[in-house]
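Numbering (my numbering), first residue to last: 99 to 221.
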């Protein structure tokens, strides 16, 4: 798969994810659906954010390192976008439960950072 086709697939999936997010926000009432509606919301926002962050990180790698850096680090970029999305959705989830405080946010970010260090050390 070429870089151009990969970017098109990511763009289309991200567009569908944001469309699904809009539909979830407008048509799913969290009071009536309970946890099922909230889980759908968090999953959809996770996929939308991971696609958006993937495109942003690829663009930044292309600006700073060139096309070769993007091709060599496409897996790294995808993993980092997923982990950043996990942090953001985790913070949103904790805020939804009304238990988010600054040290819990830092603890969540530190756990994800340690996971990234683990993946980097396995290389």
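Even for Gly, the Cβ is constructed at its ideal location relative to N, Cα and C.
>> Less than 8 angstroms between the beta carbons of residue 204 and residue 188, yes or no?
In response: no
>> Counting C-beta neighbours from all protein chains within 10 Å, is the total for residue 139 16 or more, i.e. buried, or is it exposed?
In response: buried
> Based on Cα-Cα distance, which residue from 117, 141, 167 lies nearest to residue 186?
Replying inline: 141
>> So, with DSSP's three-state summary, where would you put residue 193?
In response: helix
> What whole-angstrom Cβ distance do residue 151 and residue 182 have, given they're in contact under 8 angstroms?
Replying inline: 5 angstroms
> Which residues in the same chain have their Cβ closer than 8 angstroms to the Cβ of residue 214, if we skip the five residues on either side of it in sequence?
Replying inline: 177, 178, 181
>> Give the list of continuous alpha helix (DSSP H) stretches no shorter than 4 residues that lie fully inside the segment 123 to 208.
In response: 128 to 131, 133 to 163, 165 to 170, 172 to 194
> What did DSSP end up calling residue 109 once you bin it into helix, strand or coil?
Replying inline: helix
> Is the segment 159 to 177 touching the segment 123 to 131, taking contact as three or more C-beta pairs under 8 angstroms?
Replying inline: no
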